[in-house]
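Student: Note that the sequence shown covers residues 1 to 294 in UniProt numbering.
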Amino acid sequence: MSEILTVETESSRDYARIRDAIRYLIAHAGEQPRLADLAGALHLSESRLQRLFTQWAGVSPKRFIQQLTCEAAKVRLAAGAPVLPLSHELGLSGASRLHDLFVTLEAMTPGEFQRGGAGLDIIWSVEASRFGPALLARTDRGICALQFVADEAAGEAWLQDQWPHAALHWRPSQGQALCERLFSPLSERSGAPLALRVQGSNFQIQVWRALLSVPYGGLISYGQLAARMGQPGAARAVGSAVGANPVAWLIPCHRVIRAEGALGQYRWGEERKLDLIAWESARLSREAPAASMA
Numbered sequence: 001m002s003e004i005l006t007v008e009t010e011s012s013r014d015y016a017r018i019r020d021a022i023r024y025l026i027a028h029a030g031e032q033p034r035l036a037d038l039a040g041a042l043h044l045s046e047s048r049l050q051r052l053f054t055q056w057a058g059v060s061p062k063r064f065i066q067q068l069t070c071e072a073a074k075v076r077l078a079a080g081a082p083v084l085p086l087s088h089e090l091g092l093s094g095a096s097r098l099h100d101l102f103v104t105l106e107a108m109t110p111g112e113f114q115r116g117g118a119g120l121d122i123i124w125s126v127e128a129s130r131f132g133p134a135l136l137a138r139t140d141r142g143i144c145a146l147q148f149v150a151d152e153a154a155g156e157a158w159l160q161d162q163w164p165h166a167a168l169h170w171r172p173s174q175g176q177a178l179c180e181r182l183f184s185p186l187s188e189r190s191g192a193p194l195a196l197r198v199q200g201s202n203f204q205i206q207v208w209r210a211l212l213s214v215p216y217g218g219l220i221s222y223g224q225l226a227a228r229m230g231q232p233g234a235a236r237a238v239g240s241a242v243g244a245n246p247v248a249w250l251i252p253c254h255r256v257i258r259a260e261g262a263l264g265q266y267r268w269g270e271e272r273k274l275d276l277i278a279w280e281s282a283r284l285s286r287e288a289p290a291a292s293m294a
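(1) Would you report the Cα separation of residue 247 and residue 147, rounded to the nearest angstrom?
(2) Mapping the DSSP letters down to three states, classify residue 88 as helix, strand or coil.
(3) Within a Cβ cutoff of 6 Å, which residues of the same chain sit near residue 183, ignoring the five residues on either side of it in sequence?
(4) Can you tell me which of 226, 221, 193, 188 puts its alpha carbon nearest to the alpha carbon of residue 206?
(5) Inspect the beta-carbon positions of residue 212 and residue 251 and report whether they are closer than 8 Å.
(6) By DSSP, does residue 295 sit in helix, in strand, or in coil?
(7) Residue 266 and residue 132: beta carbons closer than 8 Å?
(8) Smallest Cα separation from residue 104: which of 110, 242, 116, 144?
(9) Write down the C-beta distance between residue 139 and residue 122 rounded to the nearest angstrom, noting that I regard them as a contact closer than 8 Å.
(10) Do the CB positions of residue 135 and residue 117 come within less than 8 Å of each other?
(11) On the three-state DSSP scale, how would you describe residue 277?
(12) Taking 8 Å as the cut-off, decide whether the C-beta atoms of residue 61 and residue 49 are in contact.
(13) Quick one: grab the DSSP three-state call for residue 50.
(14) Between which residues of its own chain and residue 238 is the CB-CB distance below 6 Å, once the five residues before and five after are set aside?
(15) Could you give the C-beta distance for residue 228 and residue 210, rounded to a whole number, given that I count them as a contact under 8 Å?
(16) Please list the terminal residues of the continuous beta strand (DSSP E) segment that includes residue 122.
(17) Report the rounded CA-to-CA distance for residue 185 versus residue 176, giving the unit in angstroms.
(18) Pull up the DSSP beta-bridge partners for residue 195, would you.
(19) Just the C-alpha distance for residue 241 and residue 198, rounded to the nearest angstrom, thanks.
(20) Got a sec: does the ligand NAP put a non-hydrogen atom nearer than 7 Å to the Cβ of residue 138?
(21) Give me the residue from 58, 56, 17, 57 with the minimum Cα distance to residue 40.
(22) Do residue 163 and residue 219 have their CB atoms nearer than 8 Å?
(23) May I ask you to report which of helix, strand or coil DSSP gives residue 15?
(24) Based on the DSSP secondary-structure assignment, which residues constitute the bridge partners of residue 137?
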């Protein structure tokens with residue numbers, strides 16, 4: 001790759017403003033800030049701020065902040081009802097509307113893992129997403145990585161570390177349409193299932209498959225996830241595997257939090273984890289009534 005570019009688009013600038021807004025809302029949550037206060041802090045007009053939030057989250061700033069609290073997380077965590085009854089309660093057509101069943105996961109073979117990607121062609125780029133620049137890497141068998149990164153240089157360094165002997169092919173902006181599909185709201189998802197092809201230990205693959213069963217907008221604790229896998233005493237090991245997830249968002253490790261409602265760690269930053277959780281919750285609260293009338 002002869003040139004490294006910085007991903008800077010209107011989408012990434014909007015996300016930067018959203019993150020600043022979320023920081024302000026959290027810092028001043030006890031004061032119940034008005035829209036005018038938030039707009040003034042961000043040097044935006046009230047109409048521009050309202051439009052920005054509505055475009056990004058689908059809800060107003062006031063409604064969005066309701067999804068940011070630890071108390072809200074505890075309520076959702078405690079409501080760990082079976083998925084099918086939950087989907088019926090929300091008026092959705094079935095559990096598949098809540099689950100990320102548009103994703104299929106296949107593991108690399110032990111031989112492929114040991115060879116470090118020798119003989120493997122990986123097409124990659126860093127694309128703008130609603131949650132910041134995202135490294136998107138794929139083989140002819142499926143997506144092998146989705147990572148939030150600062151820029152192309154950071155993305156290339158990560159890929160070289162993970163796949164030292166693979167042939168890396170930089171294709172800037174060729175993955176933008178796919179990236180937009182990956183981060184689309186639940187109601188807009190369509191098309192054939194997305195194939196993931198990842199490398200990891202047998203236990204890691206088992207944990208990542210279990211993560212695919214955590215519904216959109218839902219939360220689960222590390223202990224609950226371990227119990228779902230039939231290994232109730234393995235919460236710590238499950239946490240390590242969750243943290244090693246190579247495919248952000250699609251394998252939804254952001255939906256795993258601590259039992260007391262605290263976020264817990266996230267390899268791409270706790271602030272981004274909060275953004276992901278709150279965005280999903282806000283979108284689900286907006287889409288569920290519409291789905292119930294379908």
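By construction, the Cβ of each residue, glycine as well, lies at the ideal position given by its N, Cα and C atoms.
Tutor: A quick look at the data gives this:
(1) If you number the sequence shown from 1, residue 247 lands on position 247. If you number the sequence shown from 1, residue 147 lands on position 147. Roughly 6 Å separates the two Cα atoms.
(2) Working through the sequence shown from its first residue, we reach residue 88 at position 88. Because residue 88 sits at a pLDDT of 38, beneath the cut-off of 50, its placement in the model cannot be relied upon, and the point is left open.
(3) Position 183 of the sequence shown, counted from the first residue, corresponds to residue 183. Cβ neighbours of residue 183 beyond the five flanking positions: 129, 130.
(4) Here residue 206 corresponds to residue number 206 of the sequence shown, with the count starting at 1. Minimum Cα distance to residue 206 is reached at 226.
(5) In the sequence shown, the residue the question calls residue 212 occupies position 212. In the sequence shown, the residue the question calls residue 251 occupies position 251. Yes, Cβ-Cβ distance for residue 212 and residue 251 is below 8 Å.
(6) Lying outside 1 to 294, the shown extent of the chain, residue 295 is not represented and no answer is given.
(7) For the purposes of this step, residue 266 is identified with residue 266 of the sequence shown, where counting begins at 1. For the purposes of this step, residue 132 is identified with residue 132 of the sequence shown, where counting begins at 1. No, the Cβ-Cβ distance between residue 266 and residue 132 is not below 8 Å.
(8) Within the sequence shown, the letter at position 104 stands for residue 104. Here the closest residue by C-alpha is 144.
(9) Walking along the sequence shown from the start, residue 139 turns up at place 139. Walking along the sequence shown from the start, residue 122 turns up at place 122. Sure, about 6 Å apart at Cβ, within 8 Å.
(10) For this step, residue 135 is matched to residue 135 along the sequence shown. For this step, residue 117 is matched to residue 117 along the sequence shown. Cβ atoms of residue 135 and residue 117: not closer than 8 Å.
(11) For this step, residue 277 is matched to residue 277 along the sequence shown. If DSSP states are grouped into helix, strand and coil, residue 277 belongs with the helices.
(12) The residue labelled residue 61 in the question sits at position 61 within the sequence shown. The residue labelled residue 49 in the question sits at position 49 within the sequence shown. Closer than 8 Å, so yes.
(13) For the purposes of this step, residue 50 is taken as the residue at position 50 of the sequence shown. In this structure, residue 50 counts as helix in the three-state DSSP scheme.
(14) Position 238 of the sequence shown, counted from the first residue, corresponds to residue 238. Here the set comprises 207, 222, 225, 226.
(15) Start at 1 with the first residue of the sequence shown, and residue 228 comes out as number 228. Start at 1 with the first residue of the sequence shown, and residue 210 comes out as number 210. About 6 Å separates the two Cβ atoms, so the contact holds.
(16) Translated into positions along the sequence shown, residue 122 becomes position 122. That run of the beta strand (DSSP E) goes 121-127.
(17) Residue mapping note: residue 185 aligns to position 185 of the sequence shown, counting from 1. Residue mapping note: residue 176 aligns to position 176 of the sequence shown, counting from 1. Computed Cα separation, rounded: 16 Å.
(18) As a working mapping, residue 195 is identified with position 195 in the sequence shown. 104.
(19) For the purposes of this step, residue 241 is taken as the residue at position 241 of the sequence shown. For the purposes of this step, residue 198 is taken as the residue at position 198 of the sequence shown. Distance between the alpha carbons of residue 241 and residue 198 is about 13 Å.
(20) Ligands in the displayed structure: none, and consequently the ligand NAP is not present.
(21) Residue numbering aside, residue 40 sits at position 40 when the sequence shown is read from its first letter. Comparing Cα-Cα distances from residue 40 to each of 58, 56, 17, 57, the minimum goes to 17.
(22) Working through the sequence shown from its first residue, we reach residue 163 at position 163. Working through the sequence shown from its first residue, we reach residue 219 at position 219. No.
(23) Taking the first residue of the sequence shown as 1, we reach residue 15 at position 15. Residue 15 falls in the helix class under three-state DSSP.
(24) Reading the sequence shown from its first residue, position 137 is the one you call residue 137. In the DSSP output, where bridge partners are listed per residue, residue 137 has 124, 145.
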